[in-house]
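What follows is a short report on a single structure.
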Amino acid sequence: MTLVLRFAAGSHKGLIREGNEDSGYAGPRLLAVADGMGGAAAGEVASSEVLGSIVRLDEDVPGADLLTLLGDAVQGANDRLRQMVEEDPQLEGMGCTLTAMLWTGQRMGLVHVGDSRAYLLRDGSLVQITQDHTWVQRLVDEGRITPEEAETHPQRSLLMRALDGRGQVEPDLSIREVRAGDRYLICSDGLSGPVSHQTLQDTLGSFYSPEQTVQELIQLALRGGGPDNITCIVADVIDVGVTDTLSGQFNDVPVVVGAVAETPPSSAATDRSIRDTPAGRAAGLGRSPQGAFGPAEGYDGYGAAPAGFGPAEGYGAGEPPVYGTEEFDDEERPKRKGKALKLSMVALVTLGLLGGAGFFGYQWTQDQYYVGVDGDHVAVYQGLNQSLAGLSLSSVHTSYKDVELKYLPQDQRTHVTNTISASSFGDADDKAKKLGEQAAFCHKVADIRAGAANQAPGTPTTGQPGATPAAAVAHVGFVTASTPSPSATVRGPAAAPSATSTPTPTPTPSAAAPSQSAAAPATGPQSDLPGLSDEERQRADSCPKP
């Protein structure tokens, strides 16, 4: 059994973005998508350079240690970005995601950084085989939001990992065993964002050729609004016979799309050691007119050949403009691009600084906490009690449903409504628990008052005829047994009478224990709160009154 890859790639700038910062590469051994960081300086340069750094992996047969090869290549690409920023500080802030697969003929090595995705369609079922390195994915992993809520979360594009030339990159690395009939999809979030998982599954399972599938996927993203650059690669694992003379020929044809086709990476283009390899040829494809699918001029002969391995037939330089294809004269292109770069350099630098400041600023906000209101109870919030462009900069971290606002004293209720700042989550948690203690006390006071208020006039008190044990212990949870003193009138039962109590004559108005209807005026603070100390009664003054 001989397994080969049949692949196609496509890219479109979308309906909102002015340019395409995505880059895609599909070769006989390597499939990769890099998404330039939106809003950062020179995202298209970052994605182009990263792919230019890793295409050297597209050799005839990769080494046995796929994970080492992929890890070293990604670190080398990150080092390349750092070098570029050191040489040109105006590029500070650029970065990109990377999702790539390296094929040995029997296994796939997978490397992943950021929120571009890889999927596997096997036996009609589509599975996402990468995990997004985003803030909302972390919230999902922690159980704080659902996957459905993550799809519409305002911070769903906030990356936690990216290739940006800073420090050591930490990619996800894995090995996958392949089967004949497997279909792989690698795409930027410009496709996975507007197109649902179910629609991706239906589309990947409905079209026969990778070329048709790529075309339909891009159309779906455009119909979904095209809010971002769209780049995708579809690759089928096919079992070919040993007598198939065409499979090897088509497997040698690489495809580049997006920014890497428009702006060839300087690192790969100047490396003479790889110019004669498939990777080297791919590095030079961007110098010629190119459509959204398949290679540039010079590879049309392969595209028209039968069997359909490699790039699609008819997706050369003459592809309709719906996929962002433009043709330029070889002399006119550099002049136009150079002028555009000069005019936009200041804007790019400004956007880069703002993007970098925004990213790290948001990271700082996530270390801030405060106590506030969540509905009718108290909660600890993570972030700042502010909004930016209509987006809240905070979310509920911990909700204290047992700390109800209605039981808090008015001044504390006002403080919570206006939010109480905290130096850390521990500090915020302590403040919420103290509010909880106060709420619990006022809840107890409210229950005592309710019990006293509900006692009907004329109800016998402890020691009067007709007092029963059941009546005497009606509020045992809140009142301790005691003997009423002349200075305070107990409005509720104080203690259960003993079984041998002797009924006393009905008291006269001058008796020491008058009935409810003839009770003497209260003489102490909160005399309707039996069982509480004087200090607790004074504290109860601040509790909400019924």
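Heads up: the sequence shown is residues 8 to 553, going by my numbering.
Just so you know, even glycine gets a beta-carbon here, dropped at the ideal spot from N, CA and C.
Note that the coordinates shown come from a computational prediction; the quantities given were computed from them, not determined experimentally.
| Asked | Found |
| --- | --- |
| Mind checking who C239 pairs with in its DSSP beta bridge? | G17, C194 |
| Is it right to say N85 is buried, meaning 16 or more other beta carbons lie within 10 angstroms of its own, or is it exposed? | buried |
| Are the CB atoms of A242 and G197 within a distance shorter than 8 Å? | no |
| Do I240 and F14 have their beta-carbon atoms positioned less than 8 Å apart in this structure? | yes |
| Would you tell me roughly how many angstroms separate the C-alpha atoms of H482 and N461, rounded to the nearest one? | Residue confidence is low: H482 scores 38 on pLDDT, short of 50, so the model does not pin down where it sits. Its coordinate-derived value is still stated next. For H482 and N461, the distance between alpha carbons rounds to 12 Å. |
| So does the region 202–216 actually touch the region 34–53, counting three or more Cβ pairs closer than 8 Å? | no |
| Any contact between the region 79–99 and the region 145–154? By contact I mean 3 or more CB pairs, one from each, below 8 Å. | no |
| Where does G34 land, buried or exposed, given buried means 16+ other C-beta within 10 angstroms? | buried |
| Hey, could you find the ends of the alpha helix (DSSP H) E184 is sitting in? | No alpha helix (DSSP H) contains E184, which is instead part of the beta strand (DSSP E) from 179–184. |
| Using a threshold of 8 Å, state whether the C-beta atoms of R4 and L128 are closer than that. | Residue 4 is absent from the model: the chain starts at 8 and stops at 553. |
| What residue from E99, Y377, E93 has the CA that sits closest to L391's CA? | Y377 |
| In angstroms with no decimal places, state the Cα-to-Cα distance between T220 and L211. | 6 Å |
| By how many angstroms is the C-alpha of V387 removed from the C-alpha of Y407? | 8 Å |
| Quick one: Cα of L38 to Cα of V267, how far? | 14 Å |
| Do you know how far the Cα of R114 is from the Cα of Q90? | 33 Å |
| Of the choices C550, Q82, R186, D374, whose alpha-carbon is the least far from that of S60? | Q82 |
| Whole-angstrom Cβ separation of A16 and V264, contact assumed at under 8 Å? | 5 Å |
| Are the CB atoms of R36 and D573 within a distance shorter than 8 Å? | Outside the displayed span of the chain (8 to 553) sits residue 573, for which this structure offers no information. |
| Among residues of its own chain, excluding the 5 on either side of R556, which ones have a beta-carbon nearer than 7 Å to its beta-carbon? | With the chain represented from 8 up to 553, any question about residue 556 goes unanswered, as that position is not in the structure. |
| Since T405 and D383 should fall inside the 8 Å C-beta cutoff, what is the C-beta to C-beta distance between them, to a whole number of angstroms? | At roughly 16 Å, the Cβ-Cβ gap does not stay under 8 Å, so T405 and D383 are not in contact. |
| Apart from the five residues just before and just after M167, which ones in its own chain have a Cβ nearer than 7 Å to its Cβ? | H140, T141, W142, R145 |
| Less than 7 Å between C-beta atoms, sequence neighbours within five positions excluded: which residues of the same chain meet that for G232? | L22, P201 |
| Which word fits E304, buried or exposed, when buried means at least 16 other C-beta atoms lie within 10 angstroms of its C-beta? | Note that E304 scores 31 on pLDDT, short of 50, meaning its location in the model is unreliable; the coordinates nonetheless yield the value given after this. E304 should be labelled exposed. |
| Closest by CA to L117, which one among A547, P178, R456, S540? | P178 |
| Are M8 and G102 close, meaning C-beta to C-beta below 8 Å? | no |
| With a threshold of 8 Å on Cβ separation, who are the neighbours of S203 within its own chain once the five nearest residues in sequence on each side are excluded? | none |
| Determine the contact status of T111 and A125, defining contact as a CB-CB distance below 8 Å. | no |
| Quick check on the burial criterion: 16 or more other C-beta atoms within 10 angstroms. Buried or exposed for P96? | exposed |
| For I2, report the span of its alpha helix (DSSP H) as first-last. | This structure cannot speak to residue 2, because the chain is shown only from 8 to 553. |
| Could you give the residue range of the beta strand (DSSP E) that holds M115? | 114–120 |
| Roughly how far, in whole angstroms, is the beta-carbon of A453 from the beta-carbon of Y414, given that I think they are within contact range, below 8 Å? | 7 Å |
| Go ahead and label C550 buried or exposed: buried means 16 or more other beta carbons lie within 10 angstroms of its beta carbon, across all protein chains shown. | buried |
| Going by DSSP, name the residue or residues bridged to T405. | V387 |
| Given a cut-off of 8 Å, decide if G379 and V5 are closer than it, judged by their beta-carbon atoms. | In the structure as shown, the chain begins at 8 and stops at 553. Residue 5 is therefore absent and cannot be evaluated. |
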